[in-house]
Structures are given as structure tokens and as C-alpha cells.
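>
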Amino acid sequence: MRVRNFFTIFVTIILTIICLYYITSSSVDSIKNNKKTLNLGLDLKGGISMILDISEKDLLKKFSDNSQNFIFLKALENTDKKKKENPNTDYLSYFINSFNQEVKNKKLNISLSSSNLFGNKSNNESIDSNSSDSEVKKFLKKKIESSIISIQNILRSRIDRFGIIQPNIQRIKNSNRILIELSGIQNVDRIKNILEKKAELHFFETFNVQEVIPYFNTINKFYQKHYKIKKSFIDILNIPLIKSSNTVGLVHMKYKKIISDFLNSTEAMNYLPYHLHNTKFLWGYKNSNNFLQLFAIKISDEKTSHFLNGNMITDAYKTFGPLNEIYINIKMNQEGTKKWKIFTEKNIGKNIAIVLDDLVYAVPVVKSVIPNGMSQIYGHFSIQESNDLINVLNTGELPTSVKIIQTNIIGSYLGKESIRKGIISFLIALFFVFIWMFFYYSIPGLYANIILFFNIIFVFGILISMNAVLTFPGIAGIILTLAMSMDANIIIYEKIKENIKNKIHLSTSINNSYTLQGALSSIIDGQITTLLCGIILFYFGIGPIRGFATTLIIGIIISMFTSICLGRLFLEWHFRKYKKIYFKTFFLNKIQNMQYDFLSKRKWVYMISSIFIIVSILSFFLKGFNLGLDFVGGRSYIILFDRKVVPEKISEILSKTFMENGKPTFPRVQTFGDKNQLKIVTKYKIREENNQVDEVILKKIFIALKAFFPINFDNFKKIKKNKSLGILSVEKIGPTVVIDMIYKACISIAISLVGIFIYIFIRFKKWQFGLGAIISLIHDSIIVLGIFSFLHKKFPILEIDQTFIAALLTIIGYSINDTVIVYDKIRKISKKTSFLMKEIINKGIYSSLSRTINTSFITLLVVLIIFLFGGKVLHSFMLALFIGISVGTYSSIFIAPSIVYDCCKKI
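When the letters of the sequence shown are read in order and numbered with the numbering used here, they come out as residues 89 to 995.
1. From Ile862, Ile835, Ser836 and Ala833, pick the residue whose C-alpha is nearest to that of Tyr847; which is it?
2. For the stretch 786-794 against the stretch 733-743, do three or more pairs of beta-carbon atoms, one drawn from each stretch, fall closer than 8 Å, so that the two count as touching?
3. Helix, strand or coil: which one does DSSP assign to Arg244?
4. In terms of residue numbering, what span does the alpha helix (DSSP H) encompassing Gly614 cover?
5. Sort out for me which residues DSSP pairs Leu338 with in a bridge.
6. Decide yes or no for the touch test of the stretch 486-499 against the stretch 144-161: beta carbon pairs closer than 8 Å, at least 3 of them.
7. According to the neighbour-count rule (16 or more other Cβ atoms, all chains shown, within 10 Å of its Cβ), is Pro798 buried or exposed?
8. Can you round the beta-carbon distance between Val339 and Phe295 to whole angstroms, since I take them to be within the 8 Å contact cut?
9. Are the CB atoms of Leu228 and Glu350 within a distance shorter than 8 Å?
10. On the three-state DSSP scale, how would you describe Lys491?
11. Assuming the contact rule is C-beta atoms closer than 8 Å, Leu948 and Phe970 should be a hit. Round their C-beta distance to whole Å, please.
12. Report buried or exposed for Gly409, applying the criterion of at least 16 other Cβ atoms within 10 angstroms of its Cβ.
13. The beta strand (DSSP E) with Phe292 in it runs from where to where?
14. If you check the beta carbons only, do Leu625 and Ser836 fall under 8 Å apart?
15. Identify every residue that forms a DSSP beta bridge with Met138.
16. So, for Leu108: in the same chain, excluding its five sequence neighbours on each side, which residues have a beta-carbon less than 8 Å away from its beta-carbon?
17. Please classify Met138 as buried or exposed, where buried requires at least 16 neighbouring CB atoms within 10 angstroms.
18. Out of Ile821, Asn174, Ser210 and Ser348, point me to the one whose CA is closest to Ile260's CA.
19. Pair every Cβ in the stretch 518-525 with every Cβ in the stretch 318-337, then say whether three or more of these pairs are closer than 8 Å.
20. Check for me: the alpha helix (DSSP H) holding Thr898 runs from which residue to which?
21. Can you tell me whether DSSP reads Ser724 as helix, strand or coil?
22. Could you check where the alpha helix (DSSP H) with Thr814 kicks off and where it finishes?
23. Would you kindly work out how many angstroms separate the C-alpha atoms of Asp117 and Ile273, rounded to a whole number?
24. Could you check if Ala517 belongs to the surroundings of the ligand NAD, using beta carbon to heavy atom distance under 7 Å?
25. Would you grab the beta carbon distance between Phe663 and Ile871 for me? Rounded to a whole angstrom, and I think it's under 8 Å.
26. Short of 6 Å in beta carbon distance, which residues of its chain neighbour Glu390, apart from the five on each side in sequence? Order them along the chain.
27. When the Cα of Lys434 is compared with those of Asn417, Asp446 and Val453, which residue comes out closest?
28. Check whether the stretch 851-870 touches the stretch 638-654, counting contact only when three or more Cβ pairs, one atom from each stretch, lie closer than 8 Å.
29. Considering only residues of the stretch 515-554, which uninterrupted alpha helix (DSSP H) runs meet the minimum length of 4 residues and lie entirely inside it, listed in chain order?
30. Look at the alpha carbon of Ser393 and the alpha carbon of Tyr343, and state the distance between them as a whole number of angstroms.
31. Alpha carbon to alpha carbon, how far is Lys120 from Ile696?
32. Using only the alpha-carbon positions, how far apart do Asn577 and Gly533 sit?
33. Go through its chain and collect everything with a Cβ distance to Tyr359's Cβ below 6 Å, but skip five positions before and after it.
34. What whole-angstrom Cβ distance do Leu502 and Val961 have, given they're in contact under 8 Å?
35. With distances taken between CB atoms, is the gap from Ile789 to Leu742 smaller than 8 Å?
36. Are the CB atoms of Met574 and Gln615 nearer to each other than 8 Å?
As C-alpha cells, then:
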């Protein structure tokens, strides 16, 4: 006992000191830009917004197999000019029209489906010489769309690997642009570098400095004549300072553009001697004291034999050398292995350049033939640089280049006022929980409150120490773990009261309650089942699911320690000092003496649940759902006001304007850059695609917010440069939650259910228990979804968005915990008695009823208070929790045990 108490006190003191240190220093650290802070997600704090432009020009070049047809290149040039003049230009349509116009002007007999254009070997399954322009356009449009979707998925994967929780990645509709919003970014240049890398990998032969010096001396004279710079071309290259013969120049950053432009100029290229005819000059990737290395690489006619791209890489990982230097190891697929073997066989004893996106990363010597598709890069990498490079290589090559064309700071989705109300309502809820626990359990209730307080400190302290990002779904995970922590104490206290009632000495009652035969098995089974669910969701989930799982895992581990170890320490200390502990007795305790036949009503229960499920499923198909912006996208407006504005107030005003079927539609409003500039995203009439609707929405915005705009409507809606008031941009954005995310979410939840079934089967020795639990969870999810579907037209707050996903996961976690605790009671009773199965299950249900009602009451009280005082933004989330916890409590009492009984009865 002394060892156990010493361990508990020691761990509690250490954890408290560490967590309080991180919590108290978090605000100071954030000011100093220290890493150890609790980063808040986009929904709670905001972050940066970037718009990426996907090069349709490069895609068309790729689809034409890099055709050099002068009409094709001229049409691309014309389209680029038009795109610069008007960014909303339909690139593909204008390109085709420009191409046909050029053909007509030159009076040539050539079409888009020609073999040296889009009718090439790569596309011959879809395009032939007889294909019309409309068929080619349809084919190209499909290819461009699939490329953009692929780019979106690759970018999402790179961001996930970077460690950003719950990014917002949306396609701007009818365009080649992607909107990315990220939270907690401290190094914007680093994330830009990761997103813009194409991951096109090449291996090239190189020229040494002796081979190119004669050429440099020749063009040096030409350079001095045409460039008004005091330094000569040779002096800028700093050739005497070069340490490696593979480097042909060492150039200061300020001369980089001048040297690049000069070497790529027609005049300089005309002076290339025959042996350097296929030379390309590339820069090294690393900036060393503001100097960059210049390399000369050979581009031969056989380049396809050694061309490798990111999609040929199956794995990239780092290892450390004897002096702790970092190596990046690359493993290739079958095609890459074959090409790598041919290339290394050809270049034994020679230097080769490893080039990623036209930057030279290393110039190693090929010592022998490499037949296994393995290669290694060493380039004086830092840990961060190696991690970023591995990230890019492992996520594959982008189909085309992307460029970040806009970056802005954005405010939180929820808004400061909503967050403030949420915090206040959470504190009010905690206050009422503290009062109830003290009222219901007296002194033990006070200890339960202290334990809950320690839980909060430990969870937030650990999150800060991990540099985690807290999002709204993460808060849902914290709420669930706090409920489970309080539930664990309630289970223990109810067991102690039961022992006291059976005339067992108080000291023995406390000890017995903290054993597996007492309350411990119920707590462990319930929490481990939920923990298992959290681990699977973290491993397979993405976005909000992973954020939820992170806090759930941390919270459950902490709550198990505090409720089992710290709770026991408090009770034993109190008993040793005062020789007694008083537990109040209330009407709920009388429930344990009930002799009610729950199972006799199971046919009514099945009938009622079946009606709810059938109505829910019918409602899914007939009424659908009120899908939020996360699922349907919307129209985005960036508006400059004449003064500082509060996003929540603007959202409230516009909700009364955006009325559909007599119900308000709340837009998402957040600051965008300056505090007098807002980004407003609304799904109002999102399914109507025409210019008239766009005009109507703009008028509604202008009329509703006219007090902020002392200008007329025409000036308000007109988009021009350096505008001081009104609309700055209008875009249609796609959904945040894409099909790939929904698919992964469903897979992770399905795997979680399988994991829960297996665990319950192992623990309870009967598959019927696992089946009952899974059916109960599915039952709860369908009914919650059904209520949101059936009533969404009457109550617009019943909206399906990412916060609803978090609520649904919370409901699943709560429901499985509830069910397993009832199961544990049934198991214990079955070991002690020889009753019939029906009597055992009935006795198990009503012996756990006091705990079930008490826990549900406390949890529902918290949810209700936050719903009432937390502001409108939290209404949908809290209402989903309230419905789900109510249904979950019902299913754990009536559905799951009934299924166990009926399945066991048939065996």
C-alpha cells in the first residue's frame, strides 16, 4: 500500500508541476514564438489562407507530350496573356479558340487531334485523327479535372504529414485554383516550399568546371558588352572559390536572376560548343551564407531511359551516418529500379546529379551498378529539411506545377464572441457539476471534483507539451473524457455504497471497490473499449477525426490514472484521518432494489426503435440532410468595410437576409487580413448556378449591410485594383469534406466497430455481447442522423458539418462506455448466481441503473448549459450531443442487453 501511495503521489506531483509549467508559460511562450504552446485550430483561432494556382498551361503541354508545334505554343502564349488580363477566363476554351484562329490565319491543315498534339500515343485510346474539337475539349477537360483532384489529394497528404490538424482545403469552383487554410503556421516560407514542390525527380550526368570554363570565357565578353554591371561574368561565378570540380559556379543570391536570365538567353545559348549543346544549368537547392552553387548537367537524347518521377518512389526515409550526418534513402518501384540500374551501369566512376524540381540536391559518384532500386542522397540536410523532403517524395509527384498567388491572415470560424461564450458556459457547467457531486456524494463528491480539476490540468498540460493543435472536435474529445472520468468515480462510489449496504466494513468496502471484482473491471473495460476506438480513429482517420482521437486518447489515459489511483488515495487518506466517510443516500439508490422485468418489454422496445430507424432511413432518402458549408461549399465574398466590424454581428444580420423556406441560413464570417475586412461564405442558393442569383445575393448583402457602405450598389460590387470599400473578390468554393475524406472516415469507424466487437468478445467470452454493442452503436447513430434529417426544415440549426462528425464520434464513445458497464454488471452477477439468463440480465440492468442515470444526468446537464449559454454557433453541436447521449443511455439499458438475451436464448 505504501509503495502504491508513494507512486501515486510522486506521479501526481511530477505531472502537476510539469503541466502547470506548460500551462502558465504557454501565453508567454506564444508571445516569444516559443514552440511549446497550445496551438488552436482554424475554427478556434484562425491562421493563414492561401490560394494556389494550378498551371493549366503545363497540363496541356503534358497531355501533348511536350509538343513543340509553333501554333500550339503560340496559342498557349495568347491564352496566358488573356488570363493575366482577366483571371476568370476559361483557359481551355480560350486556348482552343486561339489555336483554331492561328490555324486559320496561317492557312494550315492541322487540328488538335493531330499525332504531334493531343492525338499522340499517350492519348490514342481516347483521341484519334478524326476526333472533333468538341471531343478533344471534352477529353482535355476530363483530364484537367482529374489532375486537379489528384493535386488536391497530394497537397492534403503533404499537409497531414507536416502535422497540421484539420486543414481546410477547398476547390474554387469552375477554376484551376485551390483554397488552403492552415492553423498554427509559424514558418510560412517552409509550408510554401512544401506545397509548391512538384516532386519531379531526375538523375543526370554532369560536366565539370574544366569542361565549361572555355565557354564561360567566350560569353564573358558578350556579357560585359550587354550588361551594365561592374563585375564580369567570370567574377560573379567566383570560380577560384569552388571546392568541387562538379560545381561550375558559386553565385551570390543577388546575382541569381541575372545569371539565370543570361545563361538561358538565346544569345548565350548560340555560343554553346557542340560538346555542350545539350547542357542545362541548374542551381543547388541550398543557400549557404547567401551563395548558391551552379551546376552544368547533360540532357541527352536518351533522357527517358533515366527519367524518374515522384510516382516511381515507393518509400523515402532518413538514416544517420557515423558522424550523425543525415542521409535520405529512396526506394523505387519496378520501373524505377530498371531505369536506375541502366543509368548506374552507364555511369560507373562518374558523378551524377540528383535533381528534384530543377534543383540539384547531391552530386555523388556512382561506385557500382545498383540493381535493387535503392539510392541515397546526402546534402548536409538539417532535420527539418530532411523531413520536408521525405514528405514531398513520399506523397508523390504533382501532375503539374502549382504556385501560391495569394496569402492572407484569417480569423477563427467561431469568432471571439462565440469562443468567449463557450468558455463561460463551460465554466458554468463545471460549477453545477461540482455542486451536484458534492450534494449527491458529500465529501467523496468533493474529492471527485478535485480529481476532475486535476484531469483538466493534466490534459491541457500534456497537449501543450506535445505542441498539439486544439480544434473543436478536440474539445469534444475532452468533454467526453471528462464525462468518463466523472463516471469512473460514480461507479466506484456506487460500489462502495453497495458494499456498505451489505454490512461490509468501510475500509474493506473501499479496498474491494478498487479491485477487478469490485468496480475496476467496469471502468477498465469501458475506458479501454473507448481508448481502442480512439487509437483506430487516430491511425486511420484524417482531419477532425484525428483531432478528436488525439484528445480522447490522452484524456482516457489520464482519467484512468486520476480516478483509480488518485481517487483511492483521497478516500484512504480521509478514512485514516477521520475514521469514517459519509455517503448520502437518495432516491436513485432505491432503484438498485427494483425487481423490474426490463426484458419483458423488449418487443415494445424493438418496435419503437424499429419505427425510429425506418422513419430515419426513409427521411435520409426523402428529406435528405441540411448539409453545411463543409459538405456543399458555397459562395465566398471578401468585403472591405468602412470600420472595424464584429464577425458574429455581421453573421446575425445576414442570417435574416439569407432566408430559405422561411428559415435563416447562417453564413460563416471571419476576419480576413485587416479587422475591417471580412470573408463571408454562404451556402444560400448554392445549388442555383447563374449570374442572376449571383446578382441577387450581392444585392442582399449590400442592402443588409448598407450602413457600412456610403456608396452605391454599382461601386460596391465592382471589383477593381486598390479598392477602398466594398467587394474585393467573389468566388465559388467547393466543399471542405471531399469524397476521399468521407470514405476514410467511414473506413476508420468501421474498423473501430470491428475492434470493439473483438475486444468485447475476448473479455465477455460470448460473441452475443459484441453484437449487442455494435447494433446498439449503429442504432444510436441512425436515430441521431434521422432526427437531424427529419426536423432540419423546421429547425435550421440541425446542420451536418464537421462539428456534427465530432458530436457523432463523441456519442459513439459515450454509448459504448455505457453499454460495457451494464455488460460488466451482468457478467459479475452471472458468476455469483445460478439464475436464469433473463433474471441475470434484468438484475444487471437495474443494479447499474443508479450509476447510469447519475452519469447521464451530469453529462446532459453540462451539454444543456453550454447549449443555453454558449451561443448559436454551438447549438447544432450541443443539440446533437444531447440527443445522442439520451438515445445512447436508452440503448445501453434496453437495446444491447435485449439483443444479448435473444441471441443467447437461441443457442
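Backbone N, C-alpha and C fix where the C-beta goes; we use that ideal spot for every residue, glycine too.
Fair warning: this is a prediction, and the values are worked out from it, not measured in the lab.
From the atom records:
1. Here residue 847 is taken as the residue at index 759 of the sequence shown, counted from 1. Closest by alpha carbon: Ile862.
2. Touching, yes, given that three or more Cβ pairs across the two stretches are closer than 8 Å.
3. Locating residue 244 in the sequence shown gives position 156, where the first residue counts as 1. In this structure, Arg244 counts as helix in the three-state DSSP scheme.
4. For the purposes of this step, residue 614 is taken as the residue at position 526 of the sequence shown. Note, Gly614: alpha helix (DSSP H), Ser609 to Phe628.
5. In the sequence shown, counting from the first residue as 1, residue 338 sits at position 250. Bridge partners of Leu338: Gln381.
6. Yes, they touch.
7. One-based indexing of the sequence shown puts residue 798 at position 710. By the neighbour-count criterion, in which 16 or more other beta carbons inside 10 Å mark a residue as buried, Pro798 falls on the exposed side.
8. On the sequence shown, residue 339 is found 251 positions in, with the first residue counted as 1. On the sequence shown, residue 295 is found 207 positions in, with the first residue counted as 1. Not really, about 17 Å apart at Cβ, beyond 8 Å.
9. Here residue 350 refers to the residue found at position 262 of the sequence shown. Here residue 228 refers to the residue found at position 140 of the sequence shown. Looking at the sequence itself, residue 350 is Phe, so the reference to Glu does not match. No, the pair does not count as a contact, with Cβ atoms beyond the cut-off.
10. As a working mapping, residue 491 is identified with position 403 in the sequence shown. Looking at Lys491 - three-state DSSP - the assignment turns out to be strand.
11. The sequence position of residue 948 within the sequence shown is 860, counting from 1. The sequence position of residue 970 within the sequence shown is 882, counting from 1. Sure, about 6 Å apart at Cβ, within 8 Å.
12. The count along the sequence shown starts at 1 and reaches residue 409 at position 321. Label assigned to Gly409: exposed.
13. Counting from one through the sequence shown, the residue named residue 292 turns up at place 204. For Phe292, the uninterrupted beta strand (DSSP E) segment begins and ends at Leu289 to Phe295.
14. In the sequence shown, counting from the first residue as 1, residue 625 sits at position 537. In the sequence shown, counting from the first residue as 1, residue 836 sits at position 748. The answer is yes: Cβ separation under 8 Å.
15. In the sequence shown, the residue the question calls residue 138 occupies position 50. For Met138, the beta-bridge partners assigned by DSSP are Ile268 and Thr495.
16. Working through the sequence shown from its first residue, we reach residue 108 at position 20. Excluding residues within five positions, the ones whose Cβ falls inside 8 Å are Ile545 and Gly549.
17. Stepping through the sequence shown from its first residue, residue 138 is reached at position 50. Its Cβ being crowded by 16 or more others within 10 Å, Met138 is buried.
18. Residue 260 sits at position 172 when you count from the first residue of the sequence shown. Taking only the C-alpha atoms, the option nearest Ile260 is Ile821.
19. Under the Cβ criterion (8 Å, minimum of three pairs), the stretch 518-525 does not count as touching the stretch 318-337.
20. Working through the sequence shown from its first residue, we reach residue 898 at position 810. Residues Gln890 to Lys920.
21. One-based indexing of the sequence shown puts residue 724 at position 636. The answer is strand: DSSP assigns Ser724 an E or B state.
22. The count along the sequence shown starts at 1 and reaches residue 814 at position 726. It is worth fixing the name first, because residue 814 is Gly in this sequence and not Thr. If you look at Gly814, you'll find it isn't in any alpha helix (DSSP H); it sits in the beta strand (DSSP E) that goes Gly814 to Ile821.
23. For the purposes of this step, residue 117 is taken as residue 29 along the sequence shown, with counting starting at 1. For the purposes of this step, residue 273 is taken as residue 185 along the sequence shown, with counting starting at 1. With a pLDDT of 49 at Asp117, under the threshold of 50, the predicted position of this residue should be treated as unreliable, though the coordinate-derived value follows. Here the alpha carbons of Ile273 and Asp117 stand approximately 15 Å from one another.
24. Absence of the ligand NAD is noted for the structure shown, with no ligands found whatsoever.
25. Here the question's residue 663 lines up with position 575 in the sequence shown. Here the question's residue 871 lines up with position 783 in the sequence shown. Incorrect: roughly 44 Å between the Cβ atoms, too far for contact.
26. Taking the first residue of the sequence shown as 1, we reach residue 390 at position 302. Low per-residue confidence applies at Glu390: pLDDT is 44, beneath 50, and the placement is therefore not dependable, though the value from the model is reported in the following sentence. Only residues of its own chain outside the window of five on either side were considered, and among them none has a CB closer than 6 Å to the CB of Glu390.
27. Within the sequence shown, the letter at position 346 stands for residue 434. For the residues Asn417, Asp446 and Val453, the minimum Cα distance to Lys434 belongs to Val453.
28. With contact defined as three or more Cβ pairs closer than 8 Å, the stretch 851-870 and the stretch 638-654 are not in contact.
29. Listed in chain order, they are 531-553.
30. Start at 1 with the first residue of the sequence shown, and residue 393 comes out as number 305. Start at 1 with the first residue of the sequence shown, and residue 343 comes out as number 255. Confidence at Ser393 is low in this model, with a pLDDT of 42, below 50, so the placement of that residue should be treated as unreliable; the coordinate-derived value is given next. Cα to Cα, Ser393 sits roughly 35 Å from Tyr343.
31. Looking up residue 120 in the sequence shown gives position 32. Looking up residue 696 in the sequence shown gives position 608. Here Lys120 scores only 49 on pLDDT, less than 50, and its place in the model is too uncertain to base an answer on.
32. For the purposes of this step, residue 577 is identified with residue 489 of the sequence shown, where counting begins at 1. For the purposes of this step, residue 533 is identified with residue 445 of the sequence shown, where counting begins at 1. Those two C-alpha atoms are separated by around 9 Å.
33. Walking along the sequence shown from the start, residue 359 turns up at place 271. Excluding positions up to five away in sequence, the list reads Thr306 and Ile307.
34. For the purposes of this step, residue 502 is taken as the residue at position 414 of the sequence shown. For the purposes of this step, residue 961 is taken as the residue at position 873 of the sequence shown. A Cβ-Cβ separation of about 5 Å places Leu502 in contact with Val961 under the 8 Å criterion.
35. Walking along the sequence shown from the start, residue 789 turns up at place 701. Walking along the sequence shown from the start, residue 742 turns up at place 654. Taking 8 Å as the Cβ cut-off, Ile789 and Leu742 qualify as a contacting pair.
36. The residue labelled residue 574 in the question sits at position 486 within the sequence shown. The residue labelled residue 615 in the question sits at position 527 within the sequence shown. Gln615 sits away from Met574, with the two beta carbons spaced by 8 Å or more.
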